[in-house]
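Undergrad: Quick note on my numbering: the sequence shown kicks off at 140 and runs consecutively.
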Amino acid sequence: MNSYEPEPRPRAVVFAYHNVGVRCLKVLLAGGVDVALVVTHEDSATENIWFESVVSLCQTEGIPYITPPDAKSAELLAQVKAADPEFIFSFYYRHMLPASLLEVAPAFNMHGSLLPEFRGRAPVNWAVLHGATETGATLHEMTVKPDAGAIVSQMVVPILPDDTAFEVFGKVTVAAEQALWRVLPSLLDGTAPRINNDLSKGGYFSGRKPEDGRIDWHLPAQQVYNLHRAVAPPYPGAFTDVNGVRYVIERARLGDRHGVLQNGKTDNVAARSLPLGLTVVDNCVFGVCGDGGIITILAITADGVAISAQQLQTRLAA
């Protein structure tokens, strides 16, 4: 009687974090990949953890995982080699992988933009800040130079005029899942396409810090609104300091949606007579910008505490 020998599954070591890490790990598992080891991060006590946990997924699926402090140690290299992977994947892992790791097996990274656009850190936030109307997810070959390898798969998503980075990130997470799912069979059998990643196009962007959310009210209203959208909660938020108090915009819309600045008019005539920055008119909060345009502020905090338009007006008048 012949015994059935199942075909060996392709083995992978996966570097993963955040929602994209969780979703793409699930794609690999559904696609028949043997995930021998996951390398992820310890959650930081100082960070707002609003995203899914790779560690929890590994615990549920019984996948071995480690959380080394960096990606350059000899110990990590030995652990990856011991797993004997045929593939290495990186899904929103936050450290660059050194050449020594990339030499172990063919390596692929999922990036949250349409490469070569918005290479580097925080691609979704930068895309929203720059007023892009679309972005997406790109699976590409990993090289020592970040986000520079050949493109294997891409998926496009729209950025609507009022989308926040959080909302766009949700779309990009789905795009990443689809981009990986679509190409995984051909990637595993060695027939996946390789498309040139033209680095003469697009640009490279560094990481963003909370201080980068400071509002310059001299800028046009569209730029101020884009900043708000790019860093709105659960990110740290766009802020302005007045009399030693930090005001963070939680929710806003571009322009005067209520028509209350002057006799129901929605043009910029009334706004131009107001000082730049925060103001309260007819119990509505506005931000007056350098081009005479305004943003309507629907929710705002003062030193971390939500305040009303009336409370803000009292503070500004003090």
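All C-beta atoms, glycine included, are put in the ideal place defined by N, C-alpha and C.
In this structure, does DSSP put Val263 in helix, strand or coil?
TA: Counting from one through the sequence shown, the residue named residue 263 turns up at place 124. Helix.
Undergrad: Touch check for the segment 304–322 and the segment 343–357: three-plus C-beta pairs under 8 Å?
TA: Contact between the segment 304–322 and the segment 343–357 is absent, because fewer than three Cβ pairs lie under 8 Å.
Undergrad: DSSP state of Gly309, grouped into three classes?
TA: Translated into positions along the sequence shown, residue 309 becomes position 170. DSSP places Gly309 in helix when its eight states are reduced to three.
Undergrad: How about the segment 311–329 and the segment 288–298: do they share at least three Cβ pairs that are nearer than 8 Å?
TA: Touching, yes.
Undergrad: Could you check which residue in Val166, Ala371, Ala155 has the C-alpha nearest to that of Val194?
TA: In the sequence shown, residue 194 corresponds to position 55, counting from 1. When each option's Cα is compared against that of Val194, the closest is Ala155.
Undergrad: In angstroms, rounded to a whole number, what distance separates the CA positions of His269 and Asn365?
TA: Along the sequence shown, one-based indexing puts residue 269 at 130. Along the sequence shown, one-based indexing puts residue 365 at 226. So the two alpha carbons sit approximately 7 Å from each other.
Undergrad: Just the Cα atoms here: how many angstroms apart are Val444 and Arg385?
TA: By one-based count along the sequence shown, residue 444 stands at place 305. By one-based count along the sequence shown, residue 385 stands at place 246. For Val444 and Arg385, the distance between alpha carbons rounds to 10 Å.
Undergrad: Would you say the segment 322–337 touches the segment 367–385, given that touching needs at least three Cβ pairs under 8 Å?
TA: The segment 322–337, when compared against the segment 367–385, does not touch it at the 8 Å Cβ threshold.
Undergrad: What residue from Gln449, Thr418, Val178 has the CA that sits closest to His234's CA?
TA: If you number the sequence shown from 1, residue 234 lands on position 95. Checking every option, the nearest Cα to that of His234 belongs to Val178.
Undergrad: Can you give me the C-alpha to C-alpha distance between Tyr204 and Leu240, rounded to a whole angstrom?
TA: Translated into the one-based positions of the sequence shown, residue 204 becomes position 65. Translated into the one-based positions of the sequence shown, residue 240 becomes position 101. Roughly 17 Å between the two C-alpha positions.
Undergrad: Considering only residues of the segment 272–333, which uninterrupted alpha helix (DSSP H) runs meet the minimum length of 4 residues and lie entirely inside it, listed in chain order?
TA: Within the segment 272–333, the complete alpha helix (DSSP H) runs of at least 4 residues are 304–327.
Undergrad: Would DSSP call Asn335 helix, strand or coil?
TA: Working through the sequence shown from its first residue, we reach residue 335 at position 196. Coil, per DSSP.
Undergrad: Would you mind sorting Lys310 into buried or exposed? The rule is 16 or more other CB atoms within 10 Å of its CB.
TA: In the sequence shown, residue 310 corresponds to position 171, counting from 1. Flag for Lys310 reads buried.
Undergrad: Taking the C-alpha atoms as reference points, what is the distance between Ser212 and Pro285?
TA: Walking along the sequence shown from the start, residue 212 turns up at place 73. Walking along the sequence shown from the start, residue 285 turns up at place 146. Their backbone Cα atoms lie some 19 Å apart in a straight line.
Undergrad: According to the neighbour-count rule (16 or more other Cβ atoms, all chains shown, within 10 Å of its Cβ), is Ser252 buried or exposed?
TA: Translated into positions along the sequence shown, residue 252 becomes position 113. So Ser252 counts as buried.
Undergrad: My parser needs the alpha helix (DSSP H) runs of 4 or more residues fully inside the segment 149–215; what are they?
TA: Entirely contained in the segment 149–215, the alpha helix (DSSP H) runs reaching 4 residues are, in chain order, 157–169, 193–200.
Undergrad: When you compare only the Cα positions, how much space is there between Gln452 and Asn336?
TA: For the purposes of this step, residue 452 is taken as residue 313 along the sequence shown, with counting starting at 1. For the purposes of this step, residue 336 is taken as residue 197 along the sequence shown, with counting starting at 1. Those two C-alpha atoms are separated by around 52 Å.
Undergrad: Would you kindly work out how many angstroms separate the C-alpha atoms of Ser183 and Ile434, rounded to a whole number?
TA: In the sequence shown, counting from the first residue as 1, residue 183 sits at position 44. In the sequence shown, counting from the first residue as 1, residue 434 sits at position 295. So the alpha carbons of these two residues sit roughly 34 Å apart.
Undergrad: I'd like the span of the alpha helix (DSSP H) that includes Leu236, first residue to last.
TA: In the sequence shown, counting from the first residue as 1, residue 236 sits at position 97. Here Leu236 belongs to no alpha helix (DSSP H), and DSSP marks it neither H nor E.
Undergrad: Val384 by DSSP, collapsed to three states: which one?
TA: Here residue 384 is taken as the residue at index 245 of the sequence shown, counted from 1. The answer is strand: DSSP assigns Val384 an E or B state.
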